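1 is the number of the first residue of the sequence shown in this note's numbering; add one for each residue after it.
Cβ coordinates follow ideal geometry from the N, Cα and C atoms, glycine included.
Computed from a predicted model, the values in this text were never measured in an experiment.
Working notes, beginning with the structure itself.
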Amino acid sequence: MKSFFETVRDTVESLGKEFSRTPELGDAGMAIRIIGEYSAGKTRLVRELLGNLAPAALLPISSQEVQTRLPLEVTYGETPSLQLVRRVYDTEEAQVLRELDVFPQRQDVASEDPGEIRLRLAVPEPRLTLAEGDGLYEDDTQPKRLFLIDMPGWNSEDDTSGADGLELSEDWENLAIVYVSHVTRLDSALNLRQFKHFLHALLDGELLRARDRLPLFFLITACPAEERAAVEKKQLERIQALLHDNDKFIVRVMAVDFASMSTKELAYFRKVFWDHVLLESPSPALEQNSVAKRIENWPTAYALRPYLARCLAHIACLDALFARVCANGLYMGGRSMRFFAGLDTPGLVSRAKALWYKQLEIPKGLEAITSLVLPTLPDEHPLAPWLEAYWYPRLRLFHEHMLAFFTLADQTLSLLTPDIDDLEAWLAESLDASRRAAGEALPASFRRMCEVIANMPENMPEMQRMATVVTLSLLEARYDDSYQGWHWFLSTVTKKNRETESTL
């Protein structure tokens, strides 16, 4: 059987996992697409963007050979994974066909239709999330996964086996488009033809669709440092001329050479890339500290500070009542039965109760005490498991013992008769055990914890307040378990000693 501390500890650990869990994410109906000729550097771009977010076995290999005909969609996942999925349209949820341990070779998926089947790589990259949904439907604000999709590249003129990534892109919602070209093929006939085809599709609105503006990121790979400025300028002028300076398109041209990049340069590139392709994002990404943000923004009914204040006030109220029970060590202030001389039984009971509740400073009598309600939080509160395992049992035991004592005291006074000789002795015999139980119902360690809670700053962030209270509960539960164990040991030893002495 678990100890109290073990129960509280396990509950807190479960809560920690639950609070750190990413909200359920649906699939966004839009994506950032990477298109270009095969071997232009699209795969290298994906690998450099991801860095060490996924094991090497799950990543595509950058090479001069076409590794797969299928689109690769990179999205958010708490842990890295690779799947083969069926997803024809961006607006539908993916159907997982199978889990993959390694990135497949071309022959492994040769029979799959790139118009229906995709590879899905999940990585812990928060920028691939939309905290407030994709904006396609006003009433849908569910957090969603955003997709960075590496489209199959188009091949050389004498090789038509590859899928046309541009054609595949035309039927989908594009949040941004990344066009990748190798510096040595910028002016090749195939690249120029596809490039113009791409820009014409932009002007015709085939790739813009529902978007008012579309970020375009033109990446030129394997470009020597000394040539970058001139290459970027030439390509930007070419784009502007073909797009006729259309302000619907937000253009960024960048020439790089991943092979020679320093760590600092790569970090800068990643920032520039993500900042640009997410310019028109309909929603911010899930924040790394989204747990704290969710807690700070949870409903007023969930707020801890006012709730804890109500709990402390409840304890203080019952403590104040209890302190008046035997203010001078006696239940009725030392009054003897002579004080009630001449009263019949009903008169005696009425007079005794009036004095009792006057002593307690409760003119309305027992009803005012039994109407006190133990403060609670909504059943669906995120801390409900901890409340049920730790907080409520502590308060409930105290509350119930206090009310049981005051109820017993009222019932005992109702049994008063004129023939009782010693009023205090009679009351003590009836009430002492219940009074002792009520006085010990709230452990001293819990009371000390409440003092710490009472002294917390009012402006303490809700996340910090919650973490502090939960941590204190672990310490208090461990201490109380140890105290109870030591108390049991001493009681057992004392009992055995007495038994031994009695046999001598």
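In its chain, beyond the 5 residues on either side, L374 have a beta carbon closer than 6 Å to the beta carbon of H399.
Separation of F322 and S14 (C-alpha to C-alpha, rounded to the nearest whole angstrom) is 37 Å. When DSSP assignments are scanned along the stretch 281-331, no uninterrupted stretch of beta strand (DSSP E) that is 3 or more residues long falls wholly within it.
Under DSSP, H399 shares a beta bridge with no residue. Distance from A94 to D150 at the Cβ level is roughly 16 Å; contact not present, criterion being Cβ atoms closer than 8 Å. Membership of Q83 in the beta strand (DSSP E) is indicated by the continuous run S81 to R86. Taken atom to atom, the span from the alpha-carbon of A320 to that of L377 is near 24 Å. The C-beta distance from F218 to V251 rounds to 7 Å, short enough to meet the 8 Å contact threshold. Nearest neighbour of E424 by Cα position, chosen from S336, N455 and D344, turns out to be S336. Taking the Cα positions, D379 is about 46 Å away from V272. Ranked by Cα distance from A404, the first of L318, S281, L312 and P60 is L318.
Of the other Cβ atoms in all chains shown, fewer than 16 fall within 10 Å of the Cβ of V452; this residue is therefore exposed. DSSP, read as helix, strand or coil, puts H276 in helix.
Cβ contact annotation for H314 (same chain, cutoff 6 Å, sequence separation greater than five): P375, in chain order. The beta-carbon distance between R44 and F258, rounded to whole angstroms, is 5 Å. This is short enough to meet the 8 Å contact definition. Residue pairing by DSSP places L72 opposite L119 and D150 in a beta bridge. Residue environment analysis places K144 among the buried positions, since at least 16 neighbouring C-beta atoms fall within 10 angstroms of its C-beta. Where P215 is concerned, the enclosing beta strand (DSSP E) starts and stops at L214 to T221. In this structure, the CA atom of Y179 is about 56 Å from the CA atom of T7. Rounded to the nearest angstrom, the gap between the Cα atoms of Q142 and E265 is 35 Å. Short of 8 Å from the beta carbon of L59, and not among the five residues preceding or following it, lie these beta carbons of its own chain, in chain order: V46, R47, L50, F103 and L121. Of the candidates S188, H244, L186 and A176, H244 places its Cα closest to the Cα of L203.
For G26, the enclosing beta strand (DSSP E) starts and ends at G26 to G36. Counting of Cβ neighbours within 10 angstroms places R447 among the exposed residues, the total staying below 16.
Closest option to D275, judged by alpha-carbon separation, among K42, N459 and R127: R127. Here DSSP, grouped into helix, strand and coil, assigns F103 to coil. Judged by pairs of C-beta atoms under 8 Å, the stretch 419-434 touches the stretch 325-332, as three or more such pairs exist. About 44 Å separates the CB atoms of L70 and V12; that is not less than 8 Å, and the two are not in contact. Contact between L408 and L431 holds: CB atoms are separated by about 6 Å, below the 8 Å threshold.
When the Cα atoms are used, D344 and T417 turn out to be separated by approximately 8 Å. Going by beta carbons, V256 and I239 fall outside the 9 Å limit.
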